[in-house]
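Residue numbers (the working numbering): 18 to 195.
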């Protein structure tokens, strides 16, 4: 007696293959989307940390200038003006930097790894901008300087409203006149 072989073979239909490919593509697309979002968030967090350090550095540099020029600081500095400062600035350079344009507030990374406002040889343009606002008030017959250091990383300068949503951070310090 001859054996009969079943000639009908079971396999995947075209619809099943298409549905499997659709599910696989949605899964891969989701993973790629999450990886891209995570990378963007990591870069933004890194920029926020750098900006916070640059804002704090601005306060410390102004404090250093004030400590080294205590008699003239509150009289030389005009209130409600925006200044710029970096580690190379002298007291006169800071005092004369009021009302600098957005382009002049941009920071460059020099060959030694320091941020500065000068675009010297080997300096790399960055997305960071820093401005210093000074407000001087008299409290109990003593002058008090309120220094605010703003740093943004939005490629277009310091925004009108400084917050993290606008890619801007600020640090405030109150410096009493000693």
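Cβ coordinates follow ideal geometry from the N, Cα and C atoms, glycine included.
>> I believe residue 161 touches residue 191 by the beta-carbon criterion, under 8 angstroms. Please report the beta-carbon distance rounded to the nearest angstrom.
In response: Yes, they are in contact, since the Cβ atoms of residue 161 and residue 191 sit about 6 angstroms apart, within 8 angstroms.
> Which two residues bound the contiguous beta strand (DSSP E) that contains residue 100?
Replying inline: From DSSP, the beta strand (DSSP E) with residue 100 extends over 98–100.
> Within the chosen definition, does the segment 101–118 reach the segment 130–138 through at least 3 CB pairs nearer than 8 angstroms?
Replying inline: Taking a cut-off of 8 angstroms for Cβ pairs, the segment 101–118 and the segment 130–138 touch, as three or more such pairs fall below it.
> Going by DSSP, what residues sit across from residue 40 in a beta bridge?
Replying inline: In the DSSP assignment, no residue is bridged to residue 40.
> Is residue 118 buried or exposed, if buried means 16 or more other CB atoms sit within 10 Å of its CB?
Replying inline: Label assigned to residue 118: exposed.
> I think residue 144 touches residue 172, with their Cβ atoms under 8 angstroms apart; what is that distance to the nearest whole Å?
Replying inline: Distance from residue 144 to residue 172 at the Cβ level is roughly 5 angstroms; contact confirmed, criterion being Cβ atoms closer than 8 angstroms.
> What are the complete beta strand (DSSP E) segments, minimum 3 residues, inside the segment 93–164?
Replying inline: For the segment 93–164, whole beta strand (DSSP E) runs of length 3 or above, ordered along the chain, are 98–100, 123–126 and 141–156.
>> If I follow the unbroken beta strand (DSSP E) through residue 186, where does it start and stop?
In response: For residue 186, the enclosing beta strand (DSSP E) stretches over residues 185–193.
> Would you call residue 167 buried or exposed, if buried means 16 or more other Cβ atoms sit within 10 Å of its Cβ?
Replying inline: Buried.
> What is the DSSP secondary structure of residue 79, counted as helix, strand or coil?
Replying inline: In the structure shown, residue 79 sits in a helix (DSSP, three-state: H, G or I).
> residue 158: beta carbon under 7 angstroms from a heavy atom of the ligand COA?
Replying inline: Within the structure as shown, the ligand COA is missing, as the structure has no ligands at all.
> By how many angstroms is the C-alpha of residue 105 removed from the C-alpha of residue 128?
Replying inline: Straight-line Cα distance between these residues: approximately 14 angstroms.
>> Residues in the same chain with beta-carbon distance under 8 angstroms from residue 153, minus the five sequence neighbours each way, listed in chain order, please.
In response: Closer than 8 angstroms at the Cβ level, and outside the excluded window around residue 153, lie 91, 94, 96, 160, 161, 162 and 163.
>> What would DSSP say about residue 173, mapped onto helix, strand or coil?
In response: In the structure shown, the three-state DSSP call for residue 173 is coil.
> If you draw a straight line from the C-alpha of residue 58 to the C-alpha of residue 98, how long is it?
Replying inline: Approximately 34 angstroms, taken between the alpha carbons.
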